[in-house]
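Chemist: Numbering follows the numbering used here, with no gaps: position 300 of the sequence shown is 345.
Glycine included, every Cβ here is placed at the ideal spot set by N, Cα and C.
Have a look at this one before I ask anything.
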Amino acid sequence: ITISKGNHRHFMLKEIYEQPIVVAQTLRSYVRRLDGELAMPAEDFDLSAVKRVTIVACGTSFYAGMVAKYWFEQFARVPVDIDVASEFRYREPVMEEGGLALFISQSGETADTLAALRHARAAGQKIAVVVNVPTSTMAREADLLLPTHAGPEIGVASTKAFSCQLAVLAAFAANLARAKGRLSREAERELVRHLAEAPAALNGALAYDEAIEAVAHIIAKARDVLYLGRGPDYPLALEGALKLKEISYIHAEGYAAGEMKHGPIALIDEHVPVIVLAPSGPLFEKTVSNMQEVQARGGQVVLISDYDGVQQAGEGCIATITMPKVHPLIAPLVYAIPVQLLAYHVAVAKGTDVDQPRNLAKSVTVE
Ligand code: G6P
């Protein structure tokens with residue numbers, strides 16, 4: 046099959062724009078919207094016995110796993126251990142017999158992740174995989190296959206696979222919570238409703254493309270950029286920084302907003318743009334107070350929040366980007382759009398090869 050860019054200038058942009066559709070497509074296998082019930086591809090896999098989850102992945106898939114850790118612990122109260130695949134085996138991880146190990150990979154072929162999977166299998170773990178390629182090696186070696194339905198992803202920097210991974214992981218967290226008896230019928234319906242709202246919210250986020258492009262022209266002049274977030278949006282800050290590094294070659298770092306005072310605040314001056322991801326919700330106030338610490342030191346803040354958040358805290362920022370107001374559960378999915386588009390437009394402004402960035406490969410099959 047040949048895959049075309051359609052009307053888009055790059056595969057990456059096409060794939061960013063496909064997200065509302067592919068996330069909806071993916072969610073269809075995990076929720077029954079009509080009756081507000083969760084569904085699982087493998088109904089016979091017993092989740093009630095899961096006492097601990099070990100998550101392993103690389104790159105963008107690892108950041109999806111980091112978001113999942115917040116969800117699994119918050120909703121299912123199941124402790125999660127997470128590591129990048131290249132570190133996992135060598136730290137001699139402790140895994141209880143019969144535990145669940147979860148591997149996340151767009152390609153299903155990444156050598157480090159595959160080696161980690163086999164290591165976990167040898168340590169007596171049940172193996173679950175979230176993969177986008179259903180014929181991949183990881184898919185074949187899994188006990189529980191949790192597919193994403195993002196379709197072929199061509200751009201080397203992952204975008205739509207990431208949001209589909211988040212959709213699957215959110216649904217899986219909810220399934221786990223239900224299996225653990227931690228989700229009333231009412232709460233389940235509520236979660237399903239929020240998940241089902243994700244595709245429309247992603248569309249809402251895409252509508253701000255032009256505003257994001259305008260911000261990209263500021264960022265393109267920077268040498269260093271910081272991304273800050275808290276809770277499940279902290280991994281999004283890491284992902285934002287990774288995307289920018291990957292395709293625009295600008296040095297960027299993601300940080301937990303509250304940790305910034307322990308180091309990176311020393312970097313702040315009027316030349317360092319700081320992108321703050323702060324959706325309304327329980328962590329908003331704290332994130333804003335970290336943002337104000339940056340502003341007090343001359344930092345140039347770009348605030349990404351919803352209308353209420355921007356109204357409340359947008360003053361003094363060099364730019365604001367308004368996202369749809371969503372339930373905190375789906376905020377990481379929605380906030381993926383502005384960080385992807387920002388990186389994309391910065392890369393275009395810099396004239397780099399967006400779909401084939403230097404030194405990177407779509408699937409890394411060496412350890
Ligand atoms: C490469 C790609 C990344 C990707 C990572 C993990 O480094 O450039 O975009 O996130 O591999 O790939 P996987 O297929 O395992 O998700």
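If you follow the beta strand (DSSP E) that K171 is in, where does it begin and where does it stop?
Modeler: Unbroken beta strand (DSSP E) run through K171: 171 to 176.
Chemist: Tell me which residues share the same chain as F107 and place their Cβ nearer than 7 Å to its Cβ, disregarding the 5 neighbours each side in the sequence.
Modeler: So the qualifying residues of the chain are V129.
Chemist: Hey, is the region 174 to 194 in contact with the region 204 to 212, meaning 3+ C-beta pairs nearer than 8 Å?
Modeler: Yes, they touch.
Chemist: Taking all protein chains shown into account, do 16 or more other C-beta atoms lie within 10 angstroms of the C-beta of T410, making it buried, or fewer, making it exposed?
Modeler: Burial call: exposed.
Chemist: Which first and last residues belong to the alpha helix (DSSP H) in which Q337 is found?
Modeler: Per DSSP, Q337 belongs to the alpha helix (DSSP H) from 329 to 340.
Chemist: How is H307 classed by DSSP in three states: helix, strand or coil?
Modeler: If DSSP states are grouped into helix, strand and coil, H307 belongs with the helices.
Chemist: Do you know whose CA, among I172, P377, E291, V346, lies nearest A392's CA?
Modeler: That would be E291, whose Cα lies nearest to the Cα of A392.
Chemist: Let me check you understand the geometry: is the CB of K59 closer than 7 Å to at least one non-hydrogen atom of the ligand G6P?
Modeler: No.
Chemist: Would you call the region 126 to 141 in contact with the region 93 to 110, where contact means no fewer than 3 C-beta pairs closer than 8 Å?
Modeler: Result yes; three or more Cβ-Cβ pairs closer than 8 Å.
Chemist: Determine the DSSP secondary structure at Y300, reduced to helix, strand or coil.
Modeler: Of the three classes helix, strand and coil, the one that applies to Y300 here is strand, per DSSP.
Chemist: Applying the criterion that 16 or more other CB atoms from any shown protein chain within 10 Å of the CB defines a buried residue, is P179 buried or exposed?
Modeler: So P179 counts as exposed.
Chemist: At the level of alpha carbons, what is the spacing between R73 and A84?
Modeler: Cα-Cα distance, rounded: 9 Å.
Chemist: Reducing DSSP to helix, strand and coil, say where L405 ends up.
Modeler: It is coil, neither helix nor strand.
Chemist: Can we count L289 as close to the ligand G6P, meaning its CB is less than 7 Å from some heavy atom?
Modeler: Not so, every heavy atom of the ligand G6P lies at least 7 Å from the Cβ.
Chemist: Check whether the Cβ of V213 lies closer than 7 Å to any heavy atom of the ligand G6P, and answer yes or no.
Modeler: It does not: the Cβ of V213 is nowhere closer than 7 Å to a heavy atom of the ligand G6P.
Chemist: To the nearest angstrom, how far is the alpha carbon of T158 from that of Q357?
Modeler: Computed Cα separation, rounded: 43 Å.
Chemist: Check the C-beta distance from A267 over to H316 and give it rounded, since I have them as a contact under 8 Å.
Modeler: Confirmed, Cβ separation roughly 7 Å.
Chemist: Which of helix, strand or coil does DSSP assign to L386?
Modeler: Three-state DSSP puts L386 in a helix.
Chemist: E231 by DSSP, collapsed to three states: which one?
Modeler: E231 falls in the helix class under three-state DSSP.
Chemist: CA-CA distance, A256 and P318?
Modeler: Cα to Cα, A256 sits roughly 16 Å from P318.
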